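In this text, residue positions in the sequence shown follow my numbering: the first is 12, and each later residue adds one. Cβ coordinates follow ideal geometry from the N, Cα and C atoms, glycine included. Every value quoted in this text rests on a predicted model; they were computed, and no experiment measured them. Structure first, then comments.
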Amino acid sequence: MPLWLVRIVLASGVLKLFTNLFKPEYTKCLLDVVTGLTSNKDLQTVFMYCWGDYGCPPSKSNFTMQALLNRHFMRGGAHYPVGGASEIAYNIIPVIERAGGKVLVRVNVTNIIAKNGKACGVKVSKGTETLDIFAPMIISSAGLYNTFERLLPREIASKSYYSQICKDLKPGIGAMNVFLGLNASAEELGLKRQNTWAFNDSNIDYEGQKYFDMDVEEAMDAEVPLLFISFPSVKDPEWNNHPGREGKTTCAIVTLANWDWFKSWEDKQVKKRGDDYDEIKDSIGHKMIEQTCKLFPQIRDKIDVTEIASPVTNKYYIGQPHGEIYGLDHSMERFDPMMVAKLRPETDVPGLFLTGQDILSCGFTGALFAGVISAQAALGRNVMGDLVKLHNKLEGTDVGITEVRKNI
């Protein structure tokens, strides 16, 4: 639907006849809805605990995002790719290649090429070599900030309304990651196939924001207010089938962190950012480890390998300009109906399409469905309908799109 028509439909109020999304609870922040239901802080935490899965505190995030996430977990549970996350790429690449595509690795896209105002290619570099690759359309999953503030020619990006969105919305918060290698099996350690969200206080919104607003010296001494703790190898049924992995376990710990604590080192060489950087990173990282060991004391003396990563690490390895892992902040402003309509795959730059978590929401499911609607926009066909037909053929069923939506 063109944006001019979206504006008319929203102004008319006709959508209120067909959807609940304009009811008061869906236009409030998550904290207001939950505190309106109960004053019990522990119960509030149960309702809101997984806000870290999209990184926006309850007082700033739309209730709709949390409702979608809870519904996702309650309906479908959680899943882990057999063989680990790398299997996703390993299994996608052959499909791309069978269709005539190519996947380039360790190649940096430095620019989107445009001619006469139309995106028509990308410039890539590897070492000292550069190459121009031309195509009838460009689909970027690099995120809004990278696409419109770094890759597109400035004279074209400045005319796009997406550049204004980059100013109107904020990037998601940065993240700290700790990866541990343990010299004991999951059975020895008594670990289960589950994730843990750990908080040091039931006032999770206040404590989280207080931590993010600290200066770096305060943060180095503070308790980390929220931790996501997982043991990926425990969830992988193929783990013990690989030689050398017997009697070993992996642990991943994630928390959110202020980009300002680390941005002074964003242009420094990886692994050589200096003692001051290492002190900050290691202070917070070892706090995360210590708090995890209090919850899982059996791992304390089994740690063989420790890797600590900061928001600057995220910028270096995954190219996120502010060290974020969730793209655009999942704020109230982002989920305003008009903003949702603007964040669409087909941009106002001819030949340029977007996909990835900035189009719908963060997470694997958000990225998958962004891929579907981006393919629909690029191909001009009902790709979701194609997928439903394929599902029915493989499963021997005859369900329609409405039934599929109910079960998502």
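How big is the Cα-Cα spacing for residue i and residue j?
i, j, result
"Y327", "N393", "37 angstroms"
"P361", "T139", "31 angstroms"
"K34", "M299", "40 angstroms"
"L28", "T38", "16 angstroms"
"Q220", "P68", "7 angstroms"
"L405", "V399", "10 angstroms"
"D369", "S72", "15 angstroms"
"R204", "K52", "27 angstroms"
"E257", "N251", "6 angstroms"
"A381", "R82", "19 angstroms"
"I124", "P164", "8 angstroms"
"S169", "N325", "27 angstroms"
"D409", "G87", "20 angstroms"
"D179", "V351", "13 angstroms"
"L115", "I150", "15 angstroms"
Of all the options the options, which has the alpha carbon lying nearest to the alpha carbon of residue i?
i, options, result
"S241", "T56, Y91 and L80", "Y91"
"E166", "I149, T46, S152 and A130", "A130"
"P13", "K274, E414 and T358", "T358"
"V266", "A197, V57 and G185", "Reading the sequence as shown, one finds Thr at residue 266 and not Val. Answer by Cα proximity: G185."
"A100", "F375, Q331 and D397", "F375"
"V57", "N269, F210 and P164", "F210"
"S294", "I319, K246 and S275", "I319"
"P147", "H253, K126 and L163", "K126"
"N188", "E228, G154, L238 and A230", "L238"
"T121", "E98, L142, M343 and G285", "L142"
"W208", "P236, G377, P348 and A197", "P236"
"S275", "K313, E36, V227 and A197", "V227"
"G391", "F364, G411 and D409", "F364"
"I215", "E344, I384 and S70", "S70"
Can you tell me whether residue i is helix, strand or coil according to DSSP?
i, result
"L365", "strand"
"T30", "coil"
"V265", "strand"
"P322", "helix"
"K178", "helix"
"E98", "helix"
"I412", "helix"
Below 8 angstroms on the Cβ atoms is my guess for residue i versus residue j; work out the distance and round it to an integer in Å.
i, j, result
"N119", "V133", "Actually they do not touch by this definition, with Cβ atoms about 10 angstroms apart."
"V183", "D347", "According to the sequence shown, residue 183 is Gly rather than Val. Rounded, the Cβ-Cβ distance is 17 angstroms, inconsistent with contact."
"P322", "A233", "Wrong, their Cβ atoms sit about 17 angstroms apart, outside the cutoff."
With contact counted as at least three CB pairs below 8 angstroms, one residue from each stretch, are the stretch 329-338 and the stretch 367-374 in contact?
Proximity of the stretch 329-338 to the stretch 367-374 meets the contact definition, three or more beta-carbon pairs being nearer than 8 angstroms.
* Asked: Would you call the stretch 275-294 and the stretch 158-174 touching, i.e. three or more CB-CB distances under 8 angstroms?
  -> no
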